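Enquirer:
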Amino acid sequence: MNDNNYNPNEIESKWYKKWECSGVFDSIPNKQKAFTITMPPPNVTGVLHMGHILNNTIQDAFIRYARMKNYNACWLPGMDHASIATENKVVSALQKKGIEKNDLSRTEFLKYVWDWKEKHGGIILKQLRYLGASCDWKRTKFTMDNDMSESVIDIFIDLYKKGVIYRGVRMVNWDSKAQTALSDEEVIYKETESTLYYIRYLIEGSNQFLEIATSRPETLLGDSAVCVNPNDQRYIHLRNKYVITPIIGRKIPIIFDDYVDSEFGSGVLKITPAHDINDYCIGLKYNLDIINILNNDGTVNELGGKFQGQDRFECRANILKELRELGLLVKEVPYINNIGYSERTNSIIEPKLSTQWFCKMNELAKPAINVVTNNQIKFYPDKYKNIYLHWMNNIKDWCISRQLWWGQRIPAYYIDNGEYVVAKDIEEAYIIFKQKYPDLSITDLKQDEDVLDTWFSSWLWPISSFGGIHDKNNEELKYYYPINVLVTAPDIIFFWVARMIMFGLYWKNEIPFEKVCFTGLVRDKSKRKMSKSLGNSPDPIDLINKYGADGVRVGMLLCAPAGTDIIFDEQQCLQGRNFVNKLWNAYKLINSWTVDNNLQQPTYSQQAIEWFTNLISYTQLEIEHNIENCRMSDALHNVYELIWDNFCPYYLEIIKPVDSKKIDKTTMESTNIIFSAILKFAHLFIPFVTEEIWARMKYNSSGLLATSKWDCNPIYDKYIIDQSEQLKCIISKIRKFRTDYKISHKESLKLIIRSNQRTFKIDIIKKMCNLSLVEYTDELVENSYSFIEYSSEFFITGYINRQNENLLDNIIDRIEYFKGFISKIEEKLKNDSFINKAPESIIKREKQKLEDSKSQLLLLQEKMRTITNE
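Residue numbers (full-length UniProt numbering): 1 to 870.
1) Excluding sequence positions up to five away, which residues of its chain have a Cβ less than 7 Å from the Cβ of residue 432?
2) Taking residue 37 as the reference, give the member of 73, 8, 57 with the closest Cα.
3) Excluding sequence positions up to five away, which residues of its chain have a Cβ less than 8 Å from the Cβ of residue 380?
4) How many angstroms separate the CA atom of residue 594 from the CA atom of residue 661?
5) Output the distance between the C-alpha atoms of residue 255 and residue 278, rounded to the nearest integer angstrom.
6) Would you mind reading off the limits of the beta strand (DSSP E) that contains residue 663?
7) Which class does residue 334 belong to by DSSP, given the choice of helix, strand or coil?
8) Leaving out the 5 sequence neighbours to the left and right, which residues in its chain are closer than 7 Å to residue 310 when beta-carbon positions are compared?
9) Please name the residue in 538, 586, 523 whose C-alpha comes closest to that of residue 559.
10) Residue 405 and residue 87 - do their beta-carbons sit closer together than 9 Å?
11) Could you give the distance in angstroms between the alpha-carbon of residue 44 and the alpha-carbon of residue 148?
12) Identify whether residue 135 lies in helix, strand or coil by the three-state DSSP scheme.
13) Could you check what DSSP says for residue 525 in three-state terms: helix, strand or coil?
14) Have a look at residue 264 and residue 210 and give me their C-alpha separation to the nearest angstrom.
15) Using the C-alpha atoms, what's the distance from residue 402 back to residue 97?
16) For residue 46 versus residue 82, is the C-beta distance shorter than 9 Å?
17) Can you tell me whether residue 10 is helix, strand or coil according to DSSP?
18) Between which two residues does the alpha helix (DSSP H) carrying residue 619 extend?
19) Pick helix, strand or coil for residue 5, following the three-state DSSP scheme.
20) Can you give me the start and stop residues for the beta strand (DSSP E) that residue 209 sits inside?
21) Looking at the strands, I want to know which residues DSSP matches up with residue 359.
22) Within a Cβ cutoff of 6 Å, which residues of the same chain sit near residue 922, ignoring the five residues on either side of it in sequence?
23) May I have a chain-ordered list of the beta strand (DSSP E) segments no shorter than 3 residues that lie completely inside the stretch 412-483?
24) Would you mind giving the Cβ-Cβ distance between residue 636 and residue 557, rounded to the nearest angstrom? I have them listed as a contact below 8 Å.
25) Tell me which residue opens and which closes the beta strand (DSSP E) that residue 596 is part of.
26) Residue 697 by DSSP, collapsed to three states: which one?
27) May I ask you to report which of helix, strand or coil DSSP gives residue 640?
28) If you draw a straight line from the alpha carbon of residue 158 to that of residue 79, how long is it in whole angstroms?
29) Indicate whether residue 358 and residue 553 have their beta-carbon atoms separated by less than 9 Å.
30) Let's test the definition: count the other Cβ atoms within 10 Å of the Cβ of residue 313 and tell me whether it reaches 16, buried, or not, exposed.
31) Three or more C-beta pairs closer than 8 Å, one from the stretch 213-224 and one from the stretch 367-387: is that the case here?
32) Along the chain, where does the beta strand (DSSP E) that runs through residue 117 open and close?
33) Count the other CB atoms within 10 Å of the CB of residue 835; is the residue buried (16 or more) or exposed (fewer)?
34) By DSSP, does residue 758 sit in helix, in strand, or in coil?
35) Answer with buried or exposed for residue 234, where buried requires no fewer than 16 other C-beta atoms within 10 angstroms of its C-beta.
36) Using CA coordinates, which residue listed in 543, 602, 601 is at the minimum distance from residue 576?
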């Protein structure tokens, strides 16, 4: 590879193969302390998207950090079988071949699914390798693996026997496209532009009508009553009366219930118990008929009369047409409605009365509420704690059955009279039935057609992945469980996070993880959620090919504060690539120097090394603090600033040989130590380029960077770091002076410092600013350009400020600024709440800022008096 330009395509695949072949990612239990992450299993149908890039970059940084901190790091990857999504994919693929699912047996269809899985499944796991994900691939789990499926069935049976799982008839969310029930969490409510239709219902035995407002006129085919508020004086006279439903002519009662809002619409509500959860509850209360007018695919059934076979929305249009012709459609009013859509198919949800399997959640939820309330499990950011607790305190039973063929089939077996037993397999069910029905044949048994909700397998994930369902005390589970951190998006906090907590406490009486790190959702510049259907999401592999995996990782993470949505712009990846190139160029510069054993170390190099040795320790602690608090973006910013704002523009420039490429031995050795520490920090985020540089450095002649260790117990002197920050500010001001006055850097300047302190690192200032002289004074220096910083005044001799009027305005502005700043700090230090809660180090820092600001103010006021007296 050419040293002049860094080409990620040449080295990224090389290093990934090297890491994998070297067993860097592998983990087996040993005497080290474990650090465990289980990957949120992506759908087997999935390919890499920008959300995966963010989530897995964060997980990879966590796991690389743990390795370098000497943990036995285990990142367990896997895939989810994704019942609805996968079945939809296969059904669509078969239809393109002219094959319908209903023309196949279950066995035939599942063969197609498994074939599809073998061909397409796992693509995303291969793509994650391009990103640099350092998973223990030998541990890869799939939720339909035999042992994983057996775990699901065992837990179903266990919960059924304990009365937690039950079968019953209830109103469920029905996805007409997938033709399956969904849980409440799989329904996404969207504000939708709808219409409120005002329809006339004839009052029986009269020529008068009731006006009824509805947004779903097709459901009048299933009306069982109309309802008004008992306190609504407009309708008091209609007690014990009936109305005739339009078009179909069914006589239904007028009932009175305070559920009805008299102010909404006409104050009259049509009651359709089979097609609305609230109507269903009213129907039970008043013993109304339950008339289901829809088939599973959303078409009208035989109870719809002449509308039979029509799609629900086609039926709506035809009913409206007929109502207009009959003069029964009074008006149509635009209406914004909150409509439920299927999370998987984006089909509008139909409430449907159906026999399903349910899991009782109240008792499971109680301990899961406690462990989050008392911070046994910590959420980052903390705001998600209240969201979680609100949902958990209002939890409903979970509909766990799905009318699909792909997934773990419910282990319930039926005989002709409708009786059923729950058993591990048909043979066990047959033995149970034989006790009551001795003449029964095993062929008389039929297994339940439904499968379990995919999330029913996922809530076992941290335990089942380590074989903990069949043996909850096995050595691997004891070693790796609970996992240390879960990295996930907040949109599955209820689907997955809450349920894993509930199950972990139920099965192991132990929390499943210690921390939950919530990422934000990735959005485009218009703040729309990125999706392929909208065409607003780039292909991550194309980005990796263009900018390198390291560049994409940095680009995503730099703009991703914990738990906050990310507005993605491809320019961020360019910024990431530039950062990678900056580090590469730093390596090239250092590598270009030759050690001369006869050279003495300059004072400015000694000072730079002292500064950076302290800054490295300080930065390490900052990085560690941010990682421990799941602020991975902040940790990257620590590294970015260390390299971009300090190491490259200052440290390397300070120590760079002046007249040749020869450098003294002591400085070179110290620089290698400093650069090695920087590479370790950066490796968490840009693993490929750092590993390449590490291998090329003569200082690191053996071993992989991925398995190197961080320094323990770093110590720093904050005073030295603060001194250097002052130094950077002074250098910046002198350089700005050169730019403003158009003075070449080749022309040397003279600097005089008026200050009570004599600790400025003069040798560094002289080198960085090309100064022939730097000295201290106690007097004002006339006929010079000056500026004030850090309670000191700096004079560049031989130059007069061009416009004293502008200078005076600037000084007045700065005086006002410092007065306000001092006032704010004084208020803060008077605040008992701040004083009692803030760490002593913070209070000390605020007091120091107050003293420094007062000194600055005095100098500025003196400067103003000097100018105004001239």
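C-beta: ideal position from N, C-alpha, C; glycine also.
Please read these numbers as outputs of a predicted model, since none were measured by experiment.
Expert: Put simply:
1) So the list reads 421, 423, once near-sequence residues are dropped.
2) Of the residues 73, 8, 57, the one whose Cα lies closest to the Cα of residue 37 is 73.
3) Sequence-distant partners of residue 380 (beyond 5 residues in either direction) whose C-beta falls short of 8 Å from its own C-beta, in its chain, are 515, 516, 517, 518, 562, 563, 629, 630, 631.
4) Roughly 6 Å between the two C-alpha positions.
5) So the alpha carbons of these two residues sit roughly 15 Å apart.
6) If you look at residue 663, you'll find it in the beta strand (DSSP E) that goes 662-664.
7) It is a strand residue.
8) When the five nearest sequence neighbours on each side are left out, the beta carbons in the same chain lying within less than 7 Å of the beta carbon of residue 310 are those of 299, 300, 318, in order along the chain.
9) Looking at the Cα atoms, 523 is the closest of the given residues.
10) Against a cut-off of 9 Å, the Cβ pair of residue 405 and residue 87 comes out as a contact.
11) Approximately 15 Å, taken between the alpha carbons.
12) Of the three classes helix, strand and coil, the one that applies to residue 135 here is coil, per DSSP.
13) Of the three classes helix, strand and coil, the one that applies to residue 525 here is coil, per DSSP.
14) Straight-line Cα distance between these residues: approximately 14 Å.
15) Distance from the CA atom of residue 97 to the CA atom of residue 402, rounded to whole angstroms, is 26 Å.
16) Judged by their CB atoms, residue 46 and residue 82 are nearer to each other than the 9 Å cut-off.
17) Helix.
18) Unbroken alpha helix (DSSP H) run through residue 619: 603-628.
19) The answer is coil: DSSP assigns residue 5 none of H, G, I, E or B.
20) Counting along the chain, residue 209 sits inside the beta strand (DSSP E) bounded by residues 209-214.
21) The partner list for residue 359 (beta bridge, DSSP) reads 165, 398.
22) This structure cannot settle anything about residue 922, because the visible part of the chain is limited to 1 through 870.
23) DSSP runs (the beta strand (DSSP E)) wholly in the stretch 412-483: 412-414, 420-422.
24) Going by Cβ atoms, the distance from residue 636 to residue 557 rounds to 5 Å, so yes, they are a contact pair.
25) According to the DSSP assignment, residue 596 belongs to the beta strand (DSSP E) that extends over 594-596.
26) If DSSP states are grouped into helix, strand and coil, residue 697 belongs with coil.
27) For residue 640, the secondary structure class from DSSP, reduced to helix, strand or coil, is helix.
28) If I take the Cα positions, the gap works out to 25 Å.
29) Not closer than 9 Å, so no.
30) Exposed, since its Cβ has fewer than 16 Cβ neighbours within 10 Å.
31) Segments in contact, no.
32) Counting along the chain, residue 117 falls outside any beta strand (DSSP E), though it belongs to the alpha helix (DSSP H) covering 106-120.
33) So residue 835 ends up on the exposed side.
34) The three-state reading of DSSP puts residue 758 in coil, since its state is none of H, G, I, E or B.
35) By the 10 Å Cβ count, residue 234 comes out exposed.
36) Closest in C-alpha terms to residue 576, from the list 543, 602, 601, comes 543.
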